[in-house]
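Some notes on the structure that comes next.
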Amino acid sequence: GQTLRSAAVAKGKYFGAAVSPNLFATAAYANALKKEYGWLTPGNAMKRDATEPAQGQFRFTDADAVLKQAQANGQMIRGHTLVWHSQLPAWVPNTAGTDIAKARAIMTNHSENSFPGQLAHWDVCNEVLNEDGTFRQSFWFNAWGGRRYVAEAFRLARAADPTVKLYINDFNVESPNGAKTNGFFNIVSSPIDGVGFQAHFISGQIPDIAATLKRFATLGVEVAITEPPPEQTQATNYAAVTNACKSVAVCVGVTVWGVEDTDSWVPHLLLDANYQKKASYTYTLNAL
Ligand code: XIL
35 GQTLRSAAVA KGKYFGAAVS PNLFATAAYA NALKKEYGWL TPGNAMKRDA TEPAQGQFRF
95 TDADAVLKQA QANGQMIRGH TLVWHSQLPA WVPNTAGTDI AKARAIMTNH SENSFPGQLA
155 HWDVCNEVLN EDGTFRQSFW FNAWGGRRYV AEAFRLARAA DPTVKLYIND FNVESPNGAK
215 TNGFFNIVSS PIDGVGFQAH FISGQIPDIA ATLKRFATLG VEVAITEPPP EQTQATNYAA
275 VTNACKSVAV CVGVTVWGVE DTDSWVPHLL LDANYQKKAS YTYTLNAL
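If you count the sequence shown from 1, you need to add 34 to reach mature numbering (1 follows the signal peptide of the UniProt record, and there is no 0).
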């Protein structure tokens with residue numbers, strides 16, 4: 035029968051999941067991952083606190099495990115993430131403060147180590163906006179004294195890997211004309227290749243994400259749905275998200291944020307803790 039992975043491919047899309055390398059040795063996890071999900075996003079393994087917990091001390095064990103897992107099973111990778119305000123080890127702000135040269139050196143170092151040639155997508159910037167659509171006052175913003183760090187991050191990422199699709203990714207940017215959506219729309223320009231919509235929806239409050247995807251498509255970028263589930267997800271919400279991607283030609287795929295319920299910060303996934311298919315699974319598969 036069809037799986038999420040095969041059904042998506044039949045529609046010219048991918049279906050993916052965020053993964054935890056510590057579970058790769060669990061047979062039920064590895065089997066479900068291989069069968070159901072064609073693309074992997076490292077849930078934590080490529081974040082700065084994982085890859086460079088202390089300055090100059092790189093640790094790619096988990097990231098490499100994700101690369102290896104994907105290679106063994108013919109899966110693609112959404113790399114996640116280069117520039118984010120969160121999961122940034124304390125040494126970064128402590129070392130650089132608001133010194134742009136030091137901050138740039140730190141950013142460059144991570145870009146150069148960001149798995150060139152091995153990723154399909156790379157979330158270069160994650161969650162750069164406030165809810166009102168203005169820029170978040172993150173370490174990066176403060177070091178550059180403004181938004182220019184975003185363009186610089188994309189330039190560095192492009193220089194480090196000429197072929198990976200460079201993504202900007204955020205949440206609460208799914209309603210067609212919200213302030214944050216408008217702010218997001220206004221910052222997408224070359225060399226950004228793709229726009230990721232996290233889709234952390236609250237059940238019963240699902241915006242018209244298809245309209246939003248179509249709006250962003252006019253910018254000449256591809257789009258992807260990168261991190262459902264929302265809180266309190268209902269099966270119909272998954273169907274809505276899946277349908278939205280299906281209805282937009284430049285939507286390349288959907289990634290759910292975990293393989294099964296216990297492997298997530300939000301336990302509303304498609305498989306339960308025993309890898310049994312939930313109603314959400316069936317609704318998603320039927321929507322593909
Ligand atoms: C989450 C991980 O799933 C957790 O394990 C971690 O403790 C916190 O981060 N938006 C993102 C993801 O872009 O990187 C976050 O992942 C969830 C919210």
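Glycine is no exception: its CB is placed at the ideal position from the N, C-alpha and C atoms.
**Request:** Could you tell me if residue 65 is buried or exposed, where buried requires 16 or more neighbouring beta carbons within 10 angstroms of its beta carbon?
**Result:** Label assigned to residue 65: exposed.
**Message:** Less than 8 Å between the C-beta atoms of residue 86 and residue 144, yes or no?
**Reply:** With respect to the 8 Å criterion, residue 86 and residue 144 are classified as neighbours on the basis of their beta carbons.
**Request:** Can you give me the Cβ contacts of residue 176 inside the same chain, cut-off strictly under 6 Å, excluding the 5 residues immediately before and after it?
**Result:** Closer than 6 Å at the Cβ level, and outside the excluded window around residue 176, lie 132.
**Item:** Start and end residues, alpha helix (DSSP H) containing residue 141
**Value:** It spans 134 to 146 - the alpha helix (DSSP H) in which residue 141 sits, taken as one unbroken run.
**Request:** Can you grab the Cα-Cα spacing for the pair residue 249 / residue 164, in whole Å?
**Result:** Between residue 249 and residue 164, the C-alpha separation is close to 20 Å.
**Spatial neighbours of residue 263 in its chain, beta-carbon cut-off 7 Å, leaving aside the 5 residues before and after** = Taken in chain order, the residues that qualify are 290, 291, 300, 302 and 303.
**Span of the beta strand (DSSP E) around residue 112** = Per DSSP, residue 112 belongs to the beta strand (DSSP E) from 110 to 117.
**Request:** Would you kindly check if the distance between the Cβ of residue 122 and the Cβ of residue 173 is under 8 Å?
**Result:** Yes, the pair counts as a contact, with Cβ atoms nearer than the cut-off.
**Prompt:** When DSSP builds the beta bridges, which residues end up paired with residue 294?
**Reply:** When beta bridges are read from the DSSP output, residue 294 appears opposite no residue.
**Item:** Host alpha helix (DSSP H) of residue 221 (start-end)
**Value:** It spans 213 to 221 - the alpha helix (DSSP H) in which residue 221 sits, taken as one unbroken run.
**Contact test: residue 228 Cβ vs the ligand XIL heavy atom, cutoff 7 Å** = Result no, Cβ not under 7 Å from the ligand XIL.
**Item:** residue 39 vs residue 69 beta-carbon contact at 8 Å
**Value:** The answer is yes: Cβ separation under 8 Å.
**Asked** Do you know whose CA, among 261, 147 and 181, lies nearest residue 98's CA?
**Response** Nearest of 261, 147 and 181 to residue 98, Cα basis: 147.
**Item:** Straight-line gap, residue 244 to residue 269 (C-alpha atoms, nearest Å)
**Value:** In this structure, the alpha-carbon of residue 244 lies about 18 Å from that of residue 269.
**Prompt:** Can you list, in chain order, the stretches of the alpha helix (DSSP H) that have 4 or more residues and sit fully within the segment 235 to 310?
**Reply:** Counting only runs of 4 or more, we get 243 to 251 and 269 to 280.
**Prompt:** When burial is assigned at 16 or more other CB atoms within 10 Å of the CB, is residue 295 buried or exposed?
**Reply:** Residue environment: residue 295 is assigned as buried (16 or more neighbouring CB atoms within 10 Å of its CB, all protein chains considered).
**Message:** Quick check on the DSSP output: the alpha helix (DSSP H) that includes residue 127 runs from which residue to which?
**Reply:** For residue 127, the enclosing alpha helix (DSSP H) stretches over residues 125 to 130.
**Asked** Within the present structure, is the beta-carbon of residue 206 separated from the nearest heavy atom of the ligand NAP by less than 7 Å?
**Response** Looking for the ligand NAP in the displayed structure turns up nothing; the ligands present are the ligand XIL.
**Request:** Mind reading off the beta-carbon distance from residue 161 to residue 219? Whole number of angstroms is fine, and I expect it under 8 Å.
**Result:** Actually they are not in contact, since the Cβ atoms of residue 161 and residue 219 sit about 16 Å apart, beyond 8 Å.
**Prompt:** Hey, would you say the C-beta of residue 273 is under 7 Å away from at least one heavy atom of the ligand XIL?
**Reply:** Residue 273 Cβ: outside cutoff for every heavy atom of the ligand XIL.
**Asked** Would residue 192 pass as a contact of residue 150 if the rule is Cβ separation under 8 Å?
**Response** No, they are not a contact pair.
**Message:** Within a Cβ cutoff of 8 Å, which residues of the same chain sit near residue 105, ignoring the five residues on either side of it in sequence?
**Reply:** Contacts found: none.
**Prompt:** Bridge partners of residue 121, per DSSP?
**Reply:** Answer is none; residue 121 lacks a bridge partner.
**Prompt:** Are residue 322 and residue 42 touching if we call contact CB-CB under 8 Å?
**Reply:** Cβ atoms of residue 322 and residue 42: closer than 8 Å.
**Message:** Taking the alpha carbon of residue 49 as the reference point, which residue from 59, 109 and 83 has its own alpha carbon closest?
**Reply:** The option with the nearest alpha carbon to residue 49 is 109.
**Contact set for residue 216: own chain, Cβ-Cβ below 8 Å, skip 5 residues either direction** = Residues 167 of the same chain have their beta carbon placed closer than 8 Å to that of residue 216, with the five preceding and five following residues left out of the count.
**Prompt:** In the structure shown, what three-state DSSP assignment does residue 84 receive?
**Reply:** Here residue 84 sits in helix by DSSP.
**Request:** Go ahead and label residue 223 buried or exposed: buried means 16 or more other beta carbons lie within 10 angstroms of its beta carbon, across all protein chains shown.
**Result:** By the 10 Å Cβ count, residue 223 comes out exposed.
**Prompt:** So, are the CB atoms of residue 283 and residue 259 less than 8 Å apart?
**Reply:** Taking C-beta atoms as the reference points, residue 283 and residue 259 fail to come closer than 8 Å.
**Request:** Compute every distance between the C-beta of residue 261 and the non-hydrogen atoms of the ligand XIL, then say whether any falls below 7 Å.
**Result:** Checking every heavy atom of the ligand XIL against the Cβ of residue 261, one is found closer than 7 Å.
**Message:** Under 7 Å: does the beta carbon of residue 114 sit that close to some heavy atom of the ligand XIL?
**Reply:** Distances from the CB of residue 114 to the heavy atoms of the ligand XIL include at least one below 7 Å.
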